[in-house]
Amino acid sequence: MCGIVGYIGKNNAVPVVIQGLQRLEYRGYDSCGIAMMHPEIMNLEKVTGKVSELQSQLAQQKTSSPVAIGHTRWATHGPPTFQNAHPHTSQDGKVAVVHNGIIENYKSLKDGLESSGYVFSSETDTEVIAALISKAYHGNLEEAVREALSHVVGAYGLAIIHQDEPEKIVCTRKGAPLIMAVGDDEFFVASDVAAILHYSKDVIYLGNEEIGILTPSGVTTYSETDEPVDKKIHKITFNLEEIEKGGYEHFMLKEIFSQPQTIYDAMRGRLQPETGTAFLGGIDHMIGSLLHADQRYFTACGTSWHAGLIGEMMFEQFARLPCEVEYASEFRYREPLVDAKSVVFAISQSGETADTLAAIQEAKNREATVLGICNVVGSSIARETEAGVYIHAGPEIGVASTKAFTSQVTVLSLLTLKLARLMGMSKEDGLEISQAMQQLPENVEWVLKQADQIAEIAKLYADASNFLYLGRGVNFPVALEGALKLKEISYIHAEGYPAAEMKHGPIALIDKSMPIVAIAPQDRTYDKILSNIEEVKARHGRVIALATEGDTRIKEIADHVLYVPPALSFTAPILNVIPLQLLSYYVAVERGCNVDQPRNLAKSVTVE
Ligand code: M6R
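For the sequence shown, my numbering gives the first residue as 3, with consecutive numbering after it.
As structure tokens, this is what we get:
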């Protein structure tokens with residue numbers, strides 16, 4: 003969603019904040035702005051559009067300032083206009099606020115302020131915060147922030163400056179991410195470490211409702227009850243190069259091609275090929291609870307939810323442990339049968355998804371054991387769960403999730419293997435699965451070699467208006483994921499279906515303009531899927547089939563065939579999703595779409 007960056011220190015804050023915003027632009031990107039503090043006056047610049055436009059605007063003015071806060075916006079309240087862009091100021095122009103999140107009671111707060119004569123200039127919920135802080139200000143910004151936020155219901159990550167205290171940034175969070183970082187006589191606040199990594203790897207994670215105060219001489223933190231807190235400094239271990247494109251045209255392509263390595267990293271030190279099992283240090287002490295739970299749930303959103311569907315199928319098929327998958331956004335509203343005997347797994351790349359965090363809270367309220375499968379180390383979900391497993395995929399910048407998905411499924415496969423062996427899977431079967439998992443990076447490499455062929459096929463279908471993705475068993479979630487990838491980045495309407503469901507409705511859509519992607523590896527449903535393909539062909543649909551290397555039969559009926567190496571159903575989803583990621587990528591490129599920053603989307607959805 004929105005990105006926040008703030009700087010105070012010995013250097014000019016402006017280029018630091020601009021560079022930070024550029025690194026956060028993948029999170030939200032419809033407008034941006036910066037508030038700069040000079041001893042006597044506060045300066046504001048905003049644009050609708052990209053950070054590069056803001057940068058050129060500032061370059062013309064040669065602005066320099068030791069203190070600044072900036073923001074890149076993903077609109078929630080009000081369209082992406084100049085007026086609605088952050089920072090938002092108070093009516094007297096003295097308070098400037100950048101905000102990520104949603105103030106749920108902003109309307110009643112706004113009405114109250116308006117009735118006492120306050121005039122608002124934007125449609126945003128954020129401006130209400132600036133107004134409340136201004137009203138509560140009596141010479142101490144952090145006290146005013148605390149007082150103002152006592153009236154607020156909702157989620158926020160905030161950085162605030164006040165003209166009367168020019169050497170201070172106050173920041174706080176509730177439900178939205180925010181970190182502070184310590185440099186050499188310079189201090190930072192950001193919604194994501196990526197924004198400040200160039201300057202500092204020493205990061206302080208701000209807890210919910212804690213207040214951080216940045217001055218030129220240091221950083222101090224106060225607890226939610228206003229006690230001073232001695233916060234630990236965490237060392238970030240990933241490098242800047244990991245969040246750069248490395249010669250690829252887009253982050254998404256780089257991330258797709260990094261999967262042999264990221265899948266290997268997810269397994270490293272965990273897969274035990276000599277004994278045919280796995281060891282997941284972060285949740286090893288929870289394995290007993292998982293085995294003996296009355297019910298197990300996966301809860302997640304989007305692509306992570308698709309990983310959860312695969313996890314469910316694997317848990318049930320191989321470990322014979324019943325399991326449910328819930329959209330995190332539905333979980334808390336549908337009175338789930340979760341109690342102290344349930345184990346709930348939250349799956350999330352960013353670890354900041356508001357719906358998933360709300361589902362975790364719901365599960366905790368019901369006294370369930372809550373575990374996490376996350377990518378971002380130190381993220382809110384990682385901190386809110388009792389224990390968990392990191393997928394170690396490294397920073398994922400492309401809005402469309404690719405490498406995080408395959409790493410999530412890799413971790414779920416390891417977990418399934420561990421549980422299945424404990425539930426009676428033979429050592430022989432465990433060894434066979436471990437061997438197949440060990441071969442995954444090499445097999446993914448093999449699939450990636452077909453990128454050029456996939457790019458050619460993409461050219462033929464880039465003008466389609468609809469796509470249908472069909473798959474069975476564990477390949478049904480893969481079909482859903484393929485369809486989601488396509489619609490996210492190319493804006494082509496796409497749907498995933500269990501292949502046999504086609505005849506119960508979607509078949510009505512098929513004509514010569516409808517491309518069908520059929521996932522048809524040589525497994526136990528192969529013959530049935532071939533029949534589905536025949537049914538499509540009989541109605542002049544065009545078929546792109548995903549088949550097992552060496553399958554010549556399918557070549558006779560499908561229009562195009564993409565091959566994957568032979569795989570066990572355990573490893574099949576990981577291999578099968580790769581050509582679908584590439585297909586959506588090349589279709590989107592062909593259509594001239596902004597692949598890494600598709601319209602209306604945000605990398606981490608930090609509002610409910
Ligand atoms: O960070 P999370 O995994 O919690 O994010 C969940 C979804 O928002 C995310 O997977 C989204 O669907 C992606 N854009 C998919 O590519």
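Heads up, the beta-carbon is just placed ideally off N, CA and C, and yes, glycines get one too. For clarity, every value in this text was computed on a predicted model and none was experimentally measured.
Between S492 and ligand 1, is there a pair consisting of the residue's CB and a ligand heavy atom that are separated by less than 7 Å? no
Could you tell me whether any non-hydrogen atom of ligand 1 is closer than 7 Å to the CB of Q351? yes
Continuous beta strand (DSSP E) assignments of at least 3 residues falling wholly in the segment 307-375: Considered as a whole, the segment 307-375 harbours 326-329 and 344-350 as its complete beta strand (DSSP E) runs of no fewer than 3 residues, in chain order.
Is any heavy atom in ligand 1 found nearer than 7 Å to the beta carbon of A302? yes
Quick test of your reading: A192 and I6, contact by CB under 8 Å. State the CB separation rounded to the nearest angstrom. 6 Å
Nearest to Q297 by alpha carbon, out of P575, E314, S54 and A604? E314
D232, buried or exposed, once every other Cβ within 10 Å from all chains shown has been counted against 16: Exposed is the call here.
Cβ neighbours of L450 in the same chain (closer than 7 Å, five flanking residues each side left out): F259 and I580
Local conformation of M516 per DSSP, three classes: coil
Following a CB-centred definition, is L482 positioned closer than 7 Å to any heavy atom of ligand 1? no
Does the distance between the C-beta of S260 and the nearest non-hydrogen atom of ligand 1 fall short of 7 Å? Checking the Cβ of S260 against ligand 1 gives no.
Beta-carbon separation of A389 and A406 under 8 Å? No, they are not a contact pair.
With a Cβ-Cβ cutoff of 8 Å, do H90 and A132 count as a contact? yes
For V340, which option in A356, E369 and F317 has the closest C-alpha, if you only look at C-alpha atoms? E369
Tell me whether V607 counts as near ligand 1, meaning its Cβ is closer than 7 Å to at least one heavy atom of that ligand. yes
Please give the ranges of any alpha helix (DSSP H) in the segment 10-90, keeping only runs that are unbroken, at least 4 residues long and fully inside the region. 15-26 and 53-63
In the DSSP output, what is E167 paired with across the bridge? H164
Decide if E257 is buried, meaning its Cβ has at least 16 other Cβ atoms within 10 Å, or exposed. buried
In the DSSP assignment, what are the bridge partners of N534? DSSP, once it has assigned bridges, lists no residue as partnering N534.
Does ligand 1 have even one heavy atom less than 7 Å from the beta-carbon of V16? Not under cutoff, so the answer is no.
Nearest-angstrom Cα separation, counted from A150 out to I213: 13 Å
Pick from V413, K112, A520 and T65 that is closest to V16, judged by C-alpha positions: Of the candidates V413, K112, A520 and T65, the one whose C-alpha sits nearest the C-alpha of V16 is T65.
Could you check if V467 belongs to the surroundings of ligand 1, using beta carbon to heavy atom distance under 7 Å? The question names Val, but residue 467 in the sequence shown is Ser. Not under cutoff, so the answer is no.
Please determine, among A574, T573 and P600, the residue with the shortest C-alpha to C-alpha distance to S2. Any question about residue 2 goes unanswered here, given that the chain covers just 3 to 610.
If you run the structure through DSSP and keep just helix, strand and coil, what is V597? In the three-state scheme derived from DSSP, where H, G and I count as helix and E and B as strand, V597 is classed as coil.
What residue range is occupied by the uninterrupted beta strand (DSSP E) comprising E497? H495 to P500
Cβ distance (whole Å) where V19 is taken to contact A70 below 8 Å: 5 Å
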